[in-house]
Amino acid sequence: MIFARRTAAVRRMTVAAALAAGLGLGLATHGASAQAPQEAPARPRVVNELPKPWETYAARPLARAAAEPDARQLPVAVGHLRATGYTHFSVMSRGKDGRLNLFSYVGAQHQSGKESAIDYRFSTDHGATWTTRRLLDGAGQGVDWRIGASGVGRGGRILLVLVRIDLTTQTNTIGSIHSDDNGATWSEYTELKQDPPSPFGGKGSQVVTYGQIKSTPSGRLVMMAYVGPFNFSMTSDDNGASWRRTTMVRSDVPYSEAAVQPIDDDNWVSVFRIDRGRTQMAQFVTHDAGATWQDLGPLNIPLSPGYVSPTLDLVRADGRATLVLGVTDRTTGQSTLRTADPAQATQSAQVWSGPRVFAQGLRVRSGYQTAAPDPACDRLVIANHRETSAATANLEVAMVKFSDLLPGHAPHPVSGAACPLPH
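Note that my numbering has the sequence shown beginning at 3, numbered continuously upward.
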């Protein structure tokens with residue numbers, strides 16, 4: 003997960019505060035009596051250490067992937083980005099002039115509870131090479147940054163929403179920065195303006211945004227968020243200046259990371275990770291632009307306790323759209339893509355193709371892929387993480403041709419000079 007797991011005590015406190023504040027429309031699956039708002043207790047420092055040495059976990063045999071009739075290995079071109087320390091939780095988006103933007107958490111180890119930074123990279127050659135600069139840095143400041151959600155709004159505005167943790171006071175603040183000049187300069191970090199106001203501020207749990215910020219055809223921005231037993235959709239009609247928070251589900255089922263993809267202005271699909279050893283992922287849909295959500299149940303994919311970090315992209319090629327789901331299964335060590343017809347996916351969770359494997363041999367806490375369609379080069383660009391020790395991880399960039407991924411898509415000739423491969 004992008005944020006530390008909540009203790010039972012913290013979860014109880016956040017439930018009471020949230021109920022008192024009134025969290026908006028959605029599915030309230032488990033009732034609870036309202037109490038006066040309370041400040042959640044201070045969060046202990048998080049070191050996220052494994053109960054056994056990292057090498058012990060890395061040496062464990064990976065499980066064999068379940069047999070599926072439509073499974074296949076994708077031919078993939080893979081490049082490696084230079085990384086120092088531990089890099090993870092990246093979010094990619096495509097902006098002005100086809101530029102790819104990539105934000106990554108950099109710290110001592112996987113959500114270490116120590117000083118950390120956010121690296122910003124961009125590519126102007128369709129993902130073959132990348133610049134890098136450290137955009138937000140906690141070194142010497144006692145700050146741990148928790149990367150959350152990123153995307154591109156109207157006018158090419160690049161948005162990054164994330165949590166700032168003061169390690170001395172354990173004060174957590176959710177806020178954002180943005181750039182209106184293609185990443186040359188950035189706004190100051192400011193607290194996120196939410197409607198209704200967040201009851202989760204101060205010393206305790208904070209709403210955590212996750213994954214890619216998506217745009218509807220009319221320009222509304224959509225992102226996902228969660229805290230404790232609550233999962234939210236958040237929308238902005240002013241290019242990220244303020245956000246309306248809607249409760250999707252309040253449940254004892256530990257939903258956390260979620261991806262969202264608008265199909266049109268009204269119909270959006272979302273896929274959730276389920277934590278704490280549960281063995282499936284869940285699919286939600288809205289038919290009224292996020293005002294209410296329906297749980298479509300588990301996906302037609304094999305049971306596994308190791309699914310993390312769902313991603314959703316709407317890929318348009320050959321005059322039709324295809325929904326692409328990405329997920330990493332840590333039990334098998336594979337990162338895969340699955341496809342579905344968008345209209346069918348708004349009605350059922352049982353419509354996904356077999357897995358298209360693009361990475362394997364991933365150990366321990368690897369994964370958390372993020373992708374961006376590149377129509378000009380007829381391919382999908384994917385950033386993914388391969389953990390190599392408790393304190394190091396490699397950042398890989400994979401390129402998948404649309405013709406190898408999308409049903410019925412014929413290969414399109416592209417120029418090797420205009421669309422270089424990663425190196």
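From the three backbone atoms N, C-alpha and C, an ideal C-beta is built for every residue, glycine too. On a predicted model such as this, the values are computed, not experimentally measured, just so you know.
Collapsed DSSP secondary structure at ASP406 in the structure displayed: ASP406 sits in a helix when the DSSP states are folded into three classes.
Contact belief for ASP168 with VAL145 at Cβ below 8 angstroms, rounded distance in angstroms: So it is a contact: roughly 6 angstroms between Cβ atoms.
With 16 other Cβ atoms within 10 Å as the buried cut-off, status of LEU25: Its pLDDT being 41, under 50, LEU25 is placed unreliably in this model, and the value from its coordinates should be taken loosely. Within 10 angstroms of the beta-carbon of LEU25 lie 16 or more other beta-carbons, which makes it buried.
Straight-line Cα distance separating THR192 from ARG101: If you take the alpha carbons of ARG101 and THR192, they lie about 25 angstroms apart.
Outcome for GLU389 when other beta-carbon atoms lying within 10 angstroms are tallied against a minimum of 16: Sixteen is the threshold: when 16 or more other Cβ atoms of the shown chains lie within 10 Å of the Cβ of GLU389, as they do, the residue is buried.
Distance CB(GLY97)-CB(ILE179) smaller than 7 angstroms: No, the Cβ-Cβ distance between GLY97 and ILE179 is not below 7 angstroms.
Reference PRO152; option with closest CA among SER181, ARG247 and THR170: The amino acid occupying residue 152 in the given sequence is Ser; Pro does not appear at that position. It is SER181 whose Cα lies nearest to the Cα of SER152.
Assigned secondary structure, GLN296 (DSSP; H/G/I helix, E/B strand, else coil): In this structure, GLN296 counts as strand in the three-state DSSP scheme.
Distance, PRO424 Cα to THR131 Cα: Rounded to whole angstroms, THR131 to PRO424 spans 6 angstroms at the Cα level.
Opposing strand residues paired with LEU257 [DSSP bridges]: In the sequence on display, residue 257 carries Tyr and not Leu. Looking at the DSSP assignment, TYR257 forms a beta bridge with ILE276.
Segment contact, 8 angstroms Cβ cut-off, at least three pairs: the segment 350 to 359 with the segment 323 to 339: In this structure the segment 350 to 359 lies against the segment 323 to 339, because at least three pairs of beta carbons, one per stretch, are closer than 8 angstroms.
Given 8 angstroms, three or more beta-carbon pairs between the segment 282 to 302 and the segment 338 to 351: Inter-segment contact for the segment 282 to 302 and the segment 338 to 351 is present: three or more beta-carbon pairs are separated by less than 8 angstroms.
DSSP beta-bridge partners of THR170: None; THR170 has no bridge partner.
Run of the alpha helix (DSSP H) containing THR330, from where it starts to where it stops: It is not in any alpha helix (DSSP H) - THR330 instead sits in the beta strand (DSSP E) that spans 322 to 331.
Length of the line joining the Cα atoms of SER445 and ARG246: Absent from the model: residue 445. The displayed extent of the chain is 3 to 425, so no value can be given.
Cβ-based neighbour list, THR86, same chain, cut-off 8 angstroms, excluding 5 preceding and 5 following: Beyond the five residues adjoining it in sequence on each side, THR86 comes within less than 8 angstroms, by CB distance, of VAL108 in the same chain, given in chain order.
Cβ neighbour criterion (16 or more within 10 Å) applied to GLU57: In this structure GLU57 is exposed. Its beta-carbon is surrounded by fewer than 16 other beta-carbon atoms within 10 angstroms.
N-terminal and C-terminal residue of the alpha helix (DSSP H) that TRP56 is part of: Looking at the DSSP string, the run of the alpha helix (DSSP H) that includes TRP56 is 56 to 60.
Range covered by the beta strand (DSSP E) that runs through GLN285: Its beta strand (DSSP E) spans residues 283 to 288.
Best match in PHE274, VAL317, VAL80 and LEU194 for proximity to VAL255 [C-alpha to C-alpha]: Among PHE274, VAL317, VAL80 and LEU194, the Cα nearest to that of VAL255 is on PHE274.
Continuous beta strand (DSSP E) assignments of at least 3 residues falling wholly in the segment 173 to 219: Secondary structure in the segment 173 to 219: the beta strand (DSSP E) runs of 3 residues or longer, each lying completely within the stretch, are 173 to 181 and 210 to 217 in chain order.
Neighbour-count burial assignment, THR170, 16 or more Cβ in a 10 Å radius: It is exposed - the Cβ of THR170 has fewer than 16 other Cβ atoms within 10 Å.
Local Cβ density within 10 Å of ASP267, reported as buried at 16 or more and exposed below that: Within a 10 Å sphere around the beta-carbon of ASP267 sit fewer than 16 other beta-carbons, which makes this residue exposed.
Cβ-based burial, GLY292 [other Cβ within 10 Å; buried from 16]: It is buried - the Cβ of GLY292 has at least 16 other Cβ atoms within 10 Å.
For SER92 and VAL229, the rounded distance between their alpha carbons: Distance between the alpha carbons of VAL229 and SER92 is about 20 angstroms.
Nearest-angstrom beta carbon gap, GLY150 and TYR212 [assumed within contact, 8 angstroms]: Taking C-beta atoms under 8 angstroms as the contact rule, TYR212 and GLY150 qualify, at a distance of about 6 angstroms.
Contact belief for LEU325 with VAL383 at Cβ below 8 angstroms, rounded distance in angstroms: Incorrect: roughly 17 angstroms between the Cβ atoms, too far for contact.
Cβ distance (whole Å) where GLY177 is taken to contact LEU194 below 8 angstroms: Contact annotation, GLY177 with LEU194: C-beta distance approximately 5 angstroms; criterion of less than 8 angstroms satisfied.
Nearest-angstrom beta carbon gap, GLY81 and GLU117 [assumed within contact, 8 angstroms]: So it is not a contact: roughly 29 angstroms between Cβ atoms.
Three-state secondary structure (DSSP) of ARG159: Coil at ARG159, not helix or strand.
heavy atom of the ligand GDP below 6 angstroms from TRP295 C-beta: With respect to small molecules bound, the structure shown includes none, and the ligand GDP cannot be examined in it.
Sequence-distant residues of its chain with Cβ nearer than 6 angstroms to ASP239 (five each side left out): Result list for ASP239: ARG222, in chain order.
CB-CB length for ALA400 against VAL165, believed under 8 angstroms: ALA400 to VAL165, Cβ: 28 angstroms. No contact.
Contiguous beta strand (DSSP E) assignments of at least 3 residues, all confined to the segment 71 to 149: For the segment 71 to 149, whole beta strand (DSSP E) runs of length 3 or above, ordered along the chain, are 79 to 83, 88 to 96, 102 to 109, 119 to 125 and 135 to 139.
Chain-order list of residues whose beta-carbon lies under 6 angstroms from that of THR126 (same chain, five-residue window excluded): If you ignore the 5 residues before and after THR126, its C-beta comes within less than 6 angstroms of the C-beta of ARG101, all in its own chain and listed in chain order.
Residue closest to PHE232, alpha-carbon to alpha-carbon, out of THR294, GLN371 and THR248: That would be THR248, whose Cα lies nearest to the Cα of PHE232.
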